[in-house]
Every structure is written in C-alpha cells, then in structure tokens.
Amino acid sequence: MQQRSSTVQEPPGDTAAYRPTPPPAWQPRTDPAPLLPETEPLRVLGTDAVADADPALLRRLYAELVRGRRYNAQATALTKQGRLAVYPSTTGQEACEVAAALALEERDWLFPSYRDTLAAVARGLDPVQALTLLRGDWHTGYDPREYRVAPLCTPLATQLPHAVGLAHAARLKGDDVVALAMVGDGGTSEGDFHEALNFAAVWQAPVVFFVQNNGFAISVPLAKQTAAPSLAHKAVGYGMPGRLVDGNDVVAVHQVLTEAVARARRGGGPTLVEAITYRIDAHTNADDATRYRADGEVEAWRAHDPILLLERELTERGLLDEDGRRAAAEAAETMAAELRERMNADPVLDPMALFSHVYAEQTAQLREQAAQLRAELEAEGEA
Amino acid sequence: MQQRSSTVQEPPGDTAAYRPTPPPAWQPRTDPAPLLPETEPLRVLGTDAVADADPALLRRLYAELVRGRRYNAQATALTKQGRLAVYPSTTGQEACEVAAALALEERDWLFPSYRDTLAAVARGLDPVQALTLLRGDWHTGYDPREYRVAPLCTPLATQLPHAVGLAHAARLKGDDVVALAMVGDGGTSEGDFHEALNFAAVWQAPVVFFVQNNGFAISVPLAKQTAAPSLAHKAVGYGMPGRLVDGNDVVAVHQVLTEAVARARRGGGPTLVEAITYRIDAHTNADDATRYRADGEVEAWRAHDPILLLERELTERGLLDEDGRRAAAEAAETMAAELRERMNADPVLDPMALFSHVYAEQTAQLREQAAQLRAELEAEGEA
Amino acid sequence: MTTATTGPAAAKAAGKPKPATMAQALQRAMRDAMAEDPTVHVMGEDVGTLGGVFRVTDGLAKEFGEDRCTDTPLAEAGILGTAVGMAMYGLRPVVEMQFDAFAYPAFEQLISHVARMRNRTRGAMPMPMVIRVPYGGGIGGVEHHSDSSEAYYMATPGLHVVTPATVEDAYGLLRAAIASDDPVVFLEPKRLYWSKSDWSPEAPAAVEPIGKAVVRRHGTSATLITYGPSVPVCLEAAEAATAEGWDLEVVDLRSLVPFDDETVAASVRRTGRAVVVHESNGFAGPGAEIAARVTERCFHHLEAPVLRVAGFDIPYPPPMLERHHLPGVDRVLDAVARLQWEAGS
Amino acid sequence: MTTATTGPAAAKAAGKPKPATMAQALQRAMRDAMAEDPTVHVMGEDVGTLGGVFRVTDGLAKEFGEDRCTDTPLAEAGILGTAVGMAMYGLRPVVEMQFDAFAYPAFEQLISHVARMRNRTRGAMPMPMVIRVPYGGGIGGVEHHSDSSEAYYMATPGLHVVTPATVEDAYGLLRAAIASDDPVVFLEPKRLYWSKSDWSPEAPAAVEPIGKAVVRRHGTSATLITYGPSVPVCLEAAEAATAEGWDLEVVDLRSLVPFDDETVAASVRRTGRAVVVHESNGFAGPGAEIAARVTERCFHHLEAPVLRVAGFDIPYPPPMLERHHLPGVDRVLDAVARLQWEAGS
Ligand SMILES: Cc1ncc(C[n+]2csc(CCOP(=O)(O)OP(=O)(O)O)c2C)c(N)n1
Ligand SMILES: Cc1ncc(C[n+]2csc(CCOP(=O)(O)OP(=O)(O)O)c2C)c(N)n1
Ligand SMILES: [Mg+2]
Ligand SMILES: [Mg+2]
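Here the protein sequences line up with chains A, B, C and D, keeping their order.
-3 is the number of the first residue of the first sequence in this note's numbering; add one for each residue after it.
-3 is the number of the first residue of the second sequence in this note's numbering; add one for each residue after it.
65 is the number of the first residue of the third sequence in this note's numbering; add one for each residue after it.
65 is the number of the first residue of the fourth sequence in this note's numbering; add one for each residue after it.
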C-alpha cells in the first residue's frame, strides 16, 4: 500500500496515445521581441529625423547644454577654491542630464544620483541649492517636494526603489505623475537596481530608469562591470522595454526619454533606457583618472562631444548662428558668475540644528545632548 | 576667454562633411540572439529525441524519481510524527531535484536551497544527514567538503554568490570543477540573484544557475513575482545564455543541465536554466495551500507528473516493465523504511557544543559562558 | 442630561472582552488604522492572500483590496525601498519582514534612508513608516527564524524601536507606531503571537504615544528590566523569587527607542539593584546600553552592579538546544542571587 | 659562534625606520601576506588598477596580477557573497568595502553567512576572511562617508572586530587578521590613513594574534578606554589633563571582539575611574558594552560610574558641523572632570 501511494496515478484514457502536454501554468507572459533594445544606439543628429524636431526645442536644448557645460566648469573651479568639498562632474554627459530634466513635466519627479546635480539644475533648481550637499552643508539644500526632485542619492542604486514606490503611490492615488530615476553603469550591478526594476514591472509603475553608461565606475571600466550585450538588454528580464541611445546626441536622448515618459504616463509601465556616453573628467576632482585610462580614449570621445554634435547640426540647418552661440554662452556665463559669487559666501550653520529633524519631536535623550552642546558653545563663546 | 573654454573644440576638417560617429566605446559585447531561451520549454519525453538517450540513464532517472517521491512522502510523514520540525516537500519537482544531482560529476559542487534536500540525497548524501537541519538538530548534518554539497541555504538566493565564488576559486586554482546552484522562482527577485549572475558572467565562472519555477513563493504566484516573458530571459541581461525547460520532463532537464555543466567546464561560462514545474504540496507542512490556490490547478499538474511522464515513455519503449517498476518501488521503500527507522531515534546533542565552532578558538568570554551553562547542567543533574 | 456612554455597561455593549491573541490584536490594529486613514498601506511577502505566515494580516487584503495590502515580490530591500518612495508621496507604509533574519537584506535602505531621510531633508521628507519584524526564538524555528536583532535597530539613530509583551500593548503600540510621523521598527515576539488575554477589540484602551515603559509588577528588592518575550519570564521569576524572600519589580520597557529613563531610573533608585533580561546576545546587545545608562544615572543608589541575563554570545542555536540558550527563570534568579545581598540593605 | 643577526645593526640593514603612513603599512601587510600565502586574495571596488580610493591596495594588482587583486563589479553583497564561496574553496579573501556606509548592502551575507558558516557546519567550513572597512569621520566626507558602524559588527557573534590606531598596529593587526582562521572585520580609521610614524616595512615588529589591548599611556587618576581614531584624541587629552593634575591612563583596545577584559579591568581597578571614548553614536554604541562589562567586573573599585564620551545620537552630520559631533579633547576632559573627584581618593 505504502509502495503504491508513492507512485503516481494513471491518467484516464489510452496509454499509447498519451503524450506529455505543455506544463499547464506556462505561457510566455509577454512577447520578448519588442522588449529588446535597438542593436545600435539610437541617433537623431546627423540623420533626416532631425527635420522632425521642433526648432524651439533644439534651441532650448542647445542653450541648456552650453549652460550645463559652464556649470560643470564652474563647479569644478569651486572645488579648487575650496568652496565645494567635492564635485563629480558631468562634463561630456550634459546631453543626458539636460534631456532627463526636459523630458519631464512639472508634476513629474526626478530621482538624481549623486552625480546628477546638473539634471536638477536643468529642471529649475537653484544651482546653489543643488550644490549644498557637495559644499559640506546640510545634505539636501532644497525641499524635494517643492521641486519634485528627490535628494541627491549617494548609496548607488538605492534611489531606484524610491522612484518606483513614489510612482506607484502616485498612480494609486490617481495622480498623473511619472518618476524618472537616474543611475550609472556601475550602479546597475547593485541588487537594488534589480529589485527596483522588478517591482516596477510587476506593479506597472510609471517609472523611467535612465542609465548613463559613461564607461566607468570610478576606475572600473564597463567590461569589468558586465558581460551583457548592453545594459539595456537587462530590461527584457523584467518584462519591460529596453532602449539604447547615443547619450551624446541630446535630441535622441530627449526623444527616447520623452517616449518612455509618455508610455509610463498612459499606463504602459516602466522603461529602461541606456544612454552611451563618456565621463570626460575624472570621477571627481579628488580622483586621478590617468591611473586607469589613456588620454587617447578621452580625445576620441571629445570628437563626439554633445555640444559639438548639436552645434554643428543646428549651424548646418541654419538654426544657430554666431549670435545664437554668443547668446547661449553669455547666458551661461551669467549663471556661472552668479554661482561663483554666491558660493563665495560662507554659509552659516547653527550647530544646534544637529539635534533637529532626527525625529519629529526631539527625544529627552537628544534634549540632554543638545544642552551639552549648547553649554560647550557658550563656554567657547566666553573663552 | 572663460566663455570660450566653456564650449567645445572644433574637430579638424570640413564642417559640412561632419557627421556624428558612433560613440567610440560602444559595440555590442555579445550577440544577444544566442543568449535568448527557447520560446517553448524544451521537452524530450514524447519526442523522437528520447531515442538518443542512453537507456541506462533513463532507468537510473526513473529509479531516482521513484525513490525521490518516496523520500518526499516519508519526510512529510515524519513531520506528522514530530520527527521533523518542518519539511518543504519537492513532490512534483522530483525531476528537477534528481536531474540536478545527476548532471554533476563527483568533483563538482551542488548549492541547494532549503527545499533541495532531495537533490542532496540524489547526489549521495545520507538522507538522515540531509534532514539534520529540518529535524531541529545542528544546522548542517554533513561535511560540505566531503560531499561537495554546500549547506542547505535558507536566506533566499544568498547561496548563489557562494556558488560563483567557489567556482571562480576552483578555476583560478586550475581545478576542473563546476558549481550548480539551485534557487526558486521567488528567489530570483532578490538582489543576490542579480549580483551573483553578474559576477559569474563577468568572471566567466563555471556555474550553472538552476531556477525551479514551481509557480509559487509560499502563497505568491509567479504573476506577482515577475512580468518577464520567462525567468530564463533574465540571462541575456548578464550576457549568459538562458535555457527554458519542462521541469517535469526529467530527461529534458537532465539534458539541459548536462549541457550547461559541460559548457561551464570547457570555459564557456555560466548558464541560467529555468525549469517550469509545480509544487504539488503546500509550501511546507506548516502551510495551508488552500488559502491561495484552487485544487483544480493542482490536479491539472498531476496529469503532467514527472514520474508518470517517464514511466509511460519507458513502458512504451519497452525499457520498463512491471518488474522494473516493482524493483524501483521496492528500493524506494527500503530507503523509506530505513529513514523512518533511523529518524525515530532521538539525537543526543551536547548542550556544551553551543560554545564550540563559534570561533576557531573559544574566546575567554565564551569560556565563561560555557562554565555558566556547565554549572547549570550540573545543578540540574543533581536536582 | 446625558446618557452614560462609558463604564461597564457601555464596554459590554461595545464588545465584551474575551480571549484574544496577540496576533489578533496586531491584525486589529492594522485594520483599524487602515479604516481610519486611507494613507496606511500594508505590504510584504505573503501578507495579502495568505494573510502572512503568522496570519497577522489576515483578511486585510480582502477588506481593503490588494492595493492597500499588497503581496510584494520577494525582495526585502525592494520592499523597504519602495516603501520609502511611497512615504515620500505621503503614504504610511506598514511593512512586514517575514522573519527577523530576513530583514537583513533591507539594512542599507533602513540605515541609509529610512532612518535618515527626515534629517537629510531638514524635516521636509519625514518617513512615517512601520517596519514589523517578528523576532526572537522559542518557537522551534530552524536557522534564521529566531534572531533577536534589536541591537542593530537601536544603534541606528532616526529609528524608533518598540516591542509589545501583552495583547493590549500589541494593539496600542502598533496603533501608536502607525500614527507616528517617524519610522518605527515594531518587533513582534514570535512566541507571544498566540499568547492570550481578555481583550475587547471593539473598545480597546486609549493609545498612548510610544516611549513609555510600564511597571508590570511592583517590588522592593530589585528591578528586573526587560521587554518583549522576556517579560513573561521575568514575571514568572518574580513570583518564584518570593519563595526566596525577594520582592522583585518588573519593568517592561515596551519602547527601546526612545528609552524611558525616568521610569527605569526611578525603579532602580527605589530598589537599589537591577538585572536586565533579554534573549538577544549579551555582548553589545540591548542590555549593554540599558546597564550602562542605568549605572550612569543611579550609580550611588546601586548596591551591586547592574547584571545582565541574555542569550549567549553565539549564533542562534538549533531548536533542540534553544532552551539552553534562552534566558529562563532559573538564570534570572541566579542573577538576582548574585546582586550582593550581603553588601547592603 | 654565530653572527649577530638581530639588534640595531641588522634592523638598519633590513631597512632603517623612516616615516610611513598607516595606509602604507596596511598596503605592506597585504603585500607581505600575499607573497607568503598564495591563498590570500584581495578584492573589492577599485582595488586593482586604481589601488583603492585610499590607495591602500596600491600596486598589489601589478605585483600579483588581477586574479589576486581583483576589481569587482559594483555590488557589496556580491563581493562578500562570492568571497564566502572563495573561502569555502580554501582561499583567504581580503575584501575591501569602499566606505563604512557602503558595507550595509552586504549585511545579510555578513550576518547570515560570514559570521555563521563555521558554526553552521560544526567547524567544517571556516571563513578565514578579512573585511576591511574604512570608518569614522573627521575627513570632511559628505553623507555616507563617515559612519562608525562598529556596533553592528560587535553585535554579531562569529565575527572578530579589530581596529588599529598606530602605523605599527595597522601592519601587525592586519597580518594577524589575515592569518586568523575566523572572519575579521578590520576597521580602518580614515582620518589616520595619513598619520605617520617611523616604521620599517622591512623589519616590522612581530605580529601578535588579535585580541590584546595595550596601555598607550600609563597613569593613575583615571582610565580612558578607547580605540581607533579616538586614541590620538585621548592621548592629547591625557597630556592636557596633566595641567589639571590628572594623570590619565589610556587603553587602546585594538580589538573590540574578542574584548580584552584583563587589560581593561586591571587598569580600571588600578585607577578606580574610567571614561570610554569613541566617535560612534553613544546610544547602543560600543561604549555601552564597554561601560557595562567594566562595571560588572570592577564595581567595587569604581569611585564613579564609567562615563561615555561618544558621537551624539544623530545621523552623521555634514562636514561643516562634524567638529561639533566628534568627541574632542575638551569633551573628554569634561567627562574626566565629572568623575566625582570629591567622592573618593
Ligand atoms: C552602495 C555604494 N557602493 C559604493 C559607493 C562608492 N562609489 C561612489 S561613485 C562609485 C562609482 C559609480 O559608478 P557609476 O554607477 O557608473 O556612476 P558614475 O560615477 O559613473 O556616474 C562608487 C563605487 C557608493 N556610493 N555606494
Ligand atoms: C531572504 C529571505 N526572505 C524571506 C524568506 C522566507 N521564505 C522562505 S521560503 C519563501 C518562498 C520561496 O519561494 P521560491 O523562491 O519560489 O522557492 P520555493 O519555496 O517555491 O521552492 C520565503 C518568502 C527567506 N527564506 N529568505
Ligand atoms: Mg559610470
Ligand atoms: Mg517557488
């Protein structure tokens, strides 16, 4: 009896005719083909597709790129003057930063990584506020809800599930809000990247994951980070579309992100976008890139500079002349001068603020500690 | 001057002729096409391909399946008798468990999840040792190095990076060793799954990742776990091949795993294999599956039972007769009787062992605590 | 002239107290909070259809829909990380970690974001969130199912850490935790899930804000300072101690963060002796902080050093040995006996 | 008759001591260990070509090849998890976590596997592994770059936790950690990386096994118990205290696990007063355990409660405010002043 129960029951019907059926639960959940990214990074500049672009948008993008480049230069200069503790530059990556900001509506949310102050600035954030963290002041210099820009996120990829949760919450509430979350090529290796994309796809959350593949995670080149055909190919494993775009072609990046945002907004779910770009500067001002890469590589990428590409195209198409260039450069210079000026002041921080905002209400324990510090400061003042 | 440096240098040559070049660093790293899994789970039983299979292997697989089913029944019975604290059954999944064990050479390593005691047993581990953890005895009842079976792993997906590290270490040492790591459909959602697959692909480690998609993570069905076309599709995002197989077709599973092991062994790198199967029993004996799934679903899968499929095929091909069936059942019964018998004894655990193996050498602190317990035990003894 | 709506009669009408388990009280707390506040969302592994592996969320998905009580994918960092995003948008997520040890994958989100977001944003982005963690041993659980991980949470500024020991407190503390504008790690003593008490879900006691310890038993000889699963052990020890002539006071901390120095120090100053009792490992465990701060505050009232009775400094042992690891009545009494009775009063 | 090979002359031949930084000593320790033992493998983010963001692994990839000093993908759980597998196969991984806060994603692997594998397998699978974690503040680092996370490690049985305060110890302790058959969390005080000392890499002092504290300054009035980045602060405080007539003893713990009760208790019994000093948050921080166990052991020798000087119970503050958070000389002296001098000797 025992023996019998350990084997299986026979199905009804004729033995000889029996053939295994497909596993009942299995059916492909989605057709993978449309989820796969393009085989070559999408490019608009230099193709006929540029003609379809709105000239006003092209000029706006140009102005923002020029301003962004100038912002990067100014922020880097501020590190040398000791006005910033550290600056991770996006020189060479301005097309991605600017396109990310401009692809969003005002009600949408941007989730920047620690490198993406420029995207926040292009979205309208005051550069001084955007740089608060990097200047050594309090960690977030702005009210994230006011600008719908999440705090700059340093632990890599941890901002991605935040974007998913926020987008999901907005959708549950019936709000027409999309979240765009930025991450680097290195950040895609973190578990949080995986978990965020999976949650987003399962929940069909209105999120766009935007990977700036700038070739390096500090010193580690992409080849040591992944063996994938492209990072965009990861999308299919979550059941979302992957897109691959030339990250130095601002029009292409803007187009791909705008499409992904629109898709998310109409309930189509998340998209993973990989932009191929290059970090022209070192990882930060504190890094020495000569230790791990050759100048030749940098030079090759300079020839594919995002501003250069757009400038040429616009010039050729008669959308930009010397006056236009000058106007953009001057606007950028004004921004930079103002930034330099304003960053020259020493912010005044109240040490007693250490004990505020740890909790909604200060605990007795923190009150004790605050009293200790206050006494110390008073003693210092007397001394 | 400032202004000038904020824009980019012009490339040499004729302006009009300039067209953006592809981003210098980008080239597809691998052709994604061969990495994509089959569109239907691979099946051998019921196809002409069975004819290519070694009859001895088929008989061996049959015997192991029957034994495995009996093992599951016996272990479940032991929970009712209070001899096991808990048992996560693989009834219905025996084809996967058995094929995983048999696809490996003796020198290879198996990394089981908490559910995979059967795979360990099929690999040759004493069932009593395999069940040590589940019986409430010490966590690992065997020397992992002796059997090259890693400890049963409970925190989901955390065993996967272990398998990668071990395989990588073996390869560095020049040893011809492959690691096969098992994980459930739910486990694929964990960050560790992602990180392990990525490391494996970057290092080209000789690992096979074997996902048993049994439709559920406790009560959570696959549809709430992923939106991917299949779990095997995740492979392409790491640059490794994905394979999809009917997990109840033991010949197909064995074939796919054997191929993946061979590929890893010859330096071809990791493979992700998804087997579509079904958890016939509840999550564990402590679970009540009627709360989250209909009996009809279970019944449909019973008709696609792994033993049934093989039994029919072998019978039809004249490779199995009533004697063969009986022999397999009797062997299984002998194993079960012996297991029942041996599990009926109360293991004797030395409480003082609590303080051994925390560190290589007992610290003074642990010696103090051991002395305390010893005194208590002595007092108890006196009382 | 008003009709009396309070008092025994009304309580009876509102639902006569009958035996309820801690699990039921927890369920009820979530249910009531969800009914009152549409921003409360429950999420975690198996919390929906199944109602949680301990059935603590039983019925919530059915009553409030799957969007309010959601079975998530199996990824703890993802659960907590998306909960952070939901809180950013104004929701109050109540997250379930299935077991203590399975909360570890979420530690980066917990330490680097949940605990710090309010501080980082200078109050602009609070994290009103409850992280429910079934903890502790004594249930015969295999590896990873019996950890007492409270030391990690206590060492992380920005979190509140609370744990009930009674059915009433389970309800009250969980309501208070959900109402809190700060993240609360809510530790549920697994082995008390099925503990019962006469309790009326229809007329639960008023809910105090978290942060208050309670004297569960008044005594004069020495104070047992404890919480969660060790509270019943200490009460039992206190009863047994009367045979030895000791009249022990038992303080149930309920809240580890914030810590109720006032109640604890007042008790120890009265009794002059104290033992801290918990299941968690002793070394660098919760008792270290408790002993240190009690000593700082009550030094000159102490007749003996504050002693600690805790789990040994070992990984949680297998079920067959756990009774030797867990602090029981005898070990508590042994410690009391070592409080240098000859020295003082 | 033998030729003298030791003594000043030989030391000179072997390399005359000249100023070396702690970072250099750490590098040398790994280099020497790798040269002696082919199973030692260094791995982490940017440890190869770049030599680590603090240059502590500088040159190792060049000397030993990328297989022995490996730039991993950017995933801390993956780094530690694969290191577990490597250790299972008999290697001795030396893992670098780039910064304290970036070790958090690896906590599940650390707590559930690294710390428990030996125990789980009854000694069959030891985890000889070093996890190097640059820790602490004072370097003007932005968020997540200045955490003192030692409380988490201390609360995890199965781990050793050590931290050097001098160039010599950096070498010696790291050699001992790599030689240990148990997992060692090796905490490197970031702000001492560039601290210098006359030290000869060619003839380093003999390496003791980990677990021993050292008295850095002998004194009679009170004991400062400290470790890592706070050791120089305490030494400075002790010098300053002489002006007030206090002769302070300074104990550098070096090893937090195992804890050297003998050295610490002996000192406190001698002086009768103690202050624990560390950067980590005070509440449930390392000082809690230290104060509690010192009190347990030395109660009747104590003239005053053991006091703690620690970081405030707040998330690590921004660079512009960190000096107010970090325990400095004044705060140490204030605590010493509160040791109830009127009460006793
Ligand atoms: C979890 C975590 N680990 C490590 C670091 C340290 N770190 C800061 S930036 C960086 C490299 C990031 O590379 P990538 O994601 O490609 O972004 P990029 O810097 O190129 O913009 C590392 C390792 C971190 N910030 N967070
Ligand atoms: C990190 C972690 N989280 C949660 C759990 C609790 N748990 C045990 S089994 C299980 C479901 C696993 O599902 P799956 O991976 O599909 O494997 P199966 O049980 O179907 O074999 C869960 C959630 C765990 N063991 N580890
Ligand atoms: Mg990068
Ligand atoms: Mg499953």
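Even glycine gets a Cβ: it sits at the ideal position worked out from N, Cα and C.
_Given a cut-off of 7 Å on the beta-carbon distance, is the pair residue 311 of chain D and residue 285 of chain D in contact?_
Reading the fourth sequence from its first residue, position 247 is the one you call residue 311 of chain D. Reading the fourth sequence from its first residue, position 221 is the one you call residue 285 of chain D. Contact flag set, yes.
*Residues near residue 118 of chain C by beta carbon distance below 7 Å, same chain, minus five either side*: Walking along the third sequence from the start, residue 118 of chain C turns up at place 54. Result list for residue 118 of chain C: 87, 198, 257, in chain order.
_Mapping the DSSP letters down to three states, classify residue 68 of chain D as helix, strand or coil._
As a first step, residue 68 of chain D must be located in the fourth sequence, where it is residue number 4. Unreliable positioning characterises residue 68 of chain D in this predicted model, as indicated by a pLDDT of 34, which lies under 50. The coordinate reading is nonetheless provided below. In the structure shown, residue 68 of chain D sits in coil (DSSP, three-state: anything other than H, G, I, E or B).
*Reference residue 195 of chain D; option with closest CA among D/261, D/201, D/168, D/209*: Locating residue 195 of chain D in the fourth sequence gives position 131, counting from the first residue. With distances taken between Cα atoms, residue 195 of chain D lies closest to D/168.
*Which bits of chain A does residue 171 of chain D rub up against, with CB to CB less than 9 Å?*
In the fourth sequence, the residue the question calls residue 171 of chain D occupies position 107. For residue 171 of chain D, no chain A residue has a C-beta closer than 9 Å to its own C-beta; the minimum C-beta separation is roughly 12 Å.
*At a CB-CB cut-off below 7 Å, which residues of chain C make contact with residue 405 of chain A?*
As shown, chain A starts at -3 and ends at 379. That puts residue 405 of chain A outside it, with no answer to give.
*Measuring alpha carbon to alpha carbon, tell me which of C/186, C/90, C/296 ends up nearest residue 343 of chain C.*
Within the third sequence, residue 343 of chain C is the residue found at index 279, counting from 1. Closest by alpha carbon: C/296.
*Would the region 177 to 194 of chain A and the region 190 to 202 of chain B be scored as touching if the rule is three or more Cβ pairs under 8 Å?*
The answer is yes - the region 190 to 202 of chain B touches the region 177 to 194 of chain A, with three or more Cβ pairs under 8 Å.
*Using a Cβ-Cβ cut-off of less than 9 Å, list which residues of the region 220 to 231 of chain A approach chain D; keep chain order.*
220, 221, 222
*Can you grab the Cα-Cα spacing for the pair residue 275 of chain C / residue 142 of chain D, in whole Å?*
The residue given as residue 275 of chain C occupies position 211 in the third sequence. The residue given as residue 142 of chain D occupies position 78 in the fourth sequence. C-alpha separation (whole angstroms): 38 Å.
*Mind pulling the alpha helix (DSSP H) runs of 4 or more residues that sit fully within the region 320 to 351 of chain C?*
325 to 335
*Using DSSP with H/G/I as helix, E/B as strand and the rest coil, what is residue 77 of chain C?*
Position 13 of the third sequence holds residue 77 of chain C. Because residue 77 of chain C carries a pLDDT of 46, less than 50, the predicted location of this residue cannot be relied on, and no value is offered for it.
*Confirm, please, whether the CB-CB distance from residue 203 of chain A to residue 160 of chain A is below 7 Å.*
One-based indexing of the first sequence puts residue 160 of chain A at position 164. One-based indexing of the first sequence puts residue 203 of chain A at position 207. Cβ distance < 7 Å, so residue 160 of chain A and residue 203 of chain A count as in contact.
*Going by other Cβ atoms of all chains shown within 10 Å of its Cβ, with 16 needed for buried, is residue 60 of chain B buried or exposed?*
Position 64 of the second sequence, counted from the start, is the residue given in the question as residue 60 of chain B. Under this definition residue 60 of chain B is a buried residue.
*Evaluate contact between the region 148 to 167 of chain B and the region 137 to 156 of chain D, counting only Cβ atoms and requiring at least three cross-stretch pairs below 8 Å.*
yes
*When burial is assigned at 16 or more other CB atoms within 10 Å of the CB, is residue 135 of chain C buried or exposed?*
As a working note, residue 135 of chain C is residue 71 in the third sequence. Buried.
_Taking its Cβ as the centre, do 16 or more other Cβ atoms sit within 10 Å of residue 400 of chain C, making it buried, or is it exposed?_
As a first step, residue 400 of chain C is located in the third sequence; it is residue number 336 there, counting from the start. With 16 or more Cβ atoms within 10 Å of its Cβ, residue 400 of chain C is classed as buried.
*What residues of chain A sit near residue 400 of chain B, judged by a beta carbon separation below 9 Å?*
Nothing can be reported for residue 400 of chain B, as the shown portion of chain B is limited to -3 through 379.
*asked:* Output needed in chain order: residues of the region 97 to 129 of chain D with a Cβ under 7 Å from some Cβ in chain B.
replied: none
*ligand 1 heavy atoms versus the CB of residue 255 of chain B: any closer than 6 Å?*
Numbered from its first residue, the second sequence carries residue 255 of chain B at position 259. No, the Cβ of residue 255 of chain B stays beyond 6 Å of every heavy atom of ligand 1.
_Are the CB atoms of residue 390 of chain D and residue 368 of chain D within a distance shorter than 7 Å?_
The residue you call residue 368 of chain D lines up with position 304 of the fourth sequence. The residue you call residue 390 of chain D lines up with position 326 of the fourth sequence. The Cβ atoms of residue 368 of chain D and residue 390 of chain D do not sit closer than 7 Å to each other.
*asked:* 7 Å is my cut-off, CB to CB: does residue 216 of chain D come that close to chain C?
replied: Numbered from 1 along the fourth sequence, position 152 holds the residue referred to as residue 216 of chain D. It does; some Cβ of chain C falls within 7 Å.
*asked:* Please tell me whether, using a cut-off of 6 Å, the distance from the CB of residue 244 of chain A to the nearest non-hydrogen atom of ligand 4 is below it.
replied: Taking the first residue of the first sequence as 1, we reach residue 244 of chain A at position 248. Checking every heavy atom of ligand 4 against the Cβ of residue 244 of chain A, none is found closer than 6 Å.
*Since I believe residue 41 of chain A is in contact with residue 309 of chain A (beta carbons under 8 Å), could you give me their beta-carbon distance rounded to a whole number of angstroms?*
Mapped onto the first sequence, residue 309 of chain A falls at position 313. Mapped onto the first sequence, residue 41 of chain A falls at position 45. The C-beta separation of residue 309 of chain A from residue 41 of chain A comes to about 5 Å, placing the pair in contact by the 8 Å criterion.
*asked:* Applying the 10 Å Cβ sphere with the 16-neighbour rule, what's the burial state of residue 70 of chain B?
replied: Counting from one through the second sequence, the residue named residue 70 of chain B turns up at place 74. It counts as buried.
*Of all the CB atoms in chain A, is at least one closer than 7 Å to the CB of residue 378 of chain D?*
Here residue 378 of chain D refers to the residue found at position 314 of the fourth sequence. It does: the Cβ of residue 378 of chain D has a partner Cβ on chain A nearer than 7 Å.
_With a threshold of 6 Å (Cβ to nearest heavy atom), would residue 180 of chain B be considered close to ligand 4?_
One-based indexing of the second sequence puts residue 180 of chain B at position 184. Within the cutoff, so yes.
*Three or more C-beta pairs closer than 8 Å, one from the region 346 to 355 of chain C and one from the region 392 to 399 of chain C: is that the case here?*
no
*Got a sec: does ligand 1 put a non-hydrogen atom nearer than 6 Å to the Cβ of residue 119 of chain D?*
The residue you call residue 119 of chain D lines up with position 55 of the fourth sequence. Because no heavy atom of ligand 1 lies under 6 Å away, the Cβ of residue 119 of chain D does not count as near it: no.
*Check whether the Cβ of residue 341 of chain A lies closer than 7 Å to any Cβ atom in chain D.*
Locating residue 341 of chain A in the first sequence gives position 345, where the first residue counts as 1. For residue 341 of chain A, the answer is no, since every Cβ of chain D falls outside 7 Å of its Cβ.
*Taking only beta-carbon positions, decide if residue 384 of chain C is within less than 7 Å of chain B.*
In the third sequence, the residue the question calls residue 384 of chain C occupies position 320. Output row for residue 384 of chain C: interface = yes.
_In DSSP terms, what residue 105 of chain D is bridged to_ = On the fourth sequence, residue 105 of chain D is found 41 positions in, with the first residue counted as 1. Paired residue(s): D/157.
*Taking 7 Å as the CB-CB limit, is residue 353 of chain A close to chain C?*
Residue mapping note: residue 353 of chain A aligns to position 357 of the first sequence, counting from 1. It does; some Cβ of chain C falls within 7 Å.
*asked:* Does the beta-carbon of residue 210 of chain A, which I'm using as the reference point, lie nearer than 6 Å to any heavy atom of ligand 3?
replied: Taking the first residue of the first sequence as 1, we reach residue 210 of chain A at position 214. Checking the Cβ of residue 210 of chain A against ligand 3 gives yes.
*asked:* Closer than 7 Å between beta carbons: that is the criterion. Which residues of the region 201 to 219 of chain A meet it against chain D?
replied: 213, 214, 215, 216
*asked:* For residue 227 of chain A, which residues in the same chain have their Cβ closer than 7 Å to its Cβ, ignoring the five residues on either side in sequence?
replied: If you number the first sequence from 1, residue 227 of chain A lands on position 231. Closer than 7 Å at Cβ, skipping near neighbours: 181, 184, 207, 209, 270.
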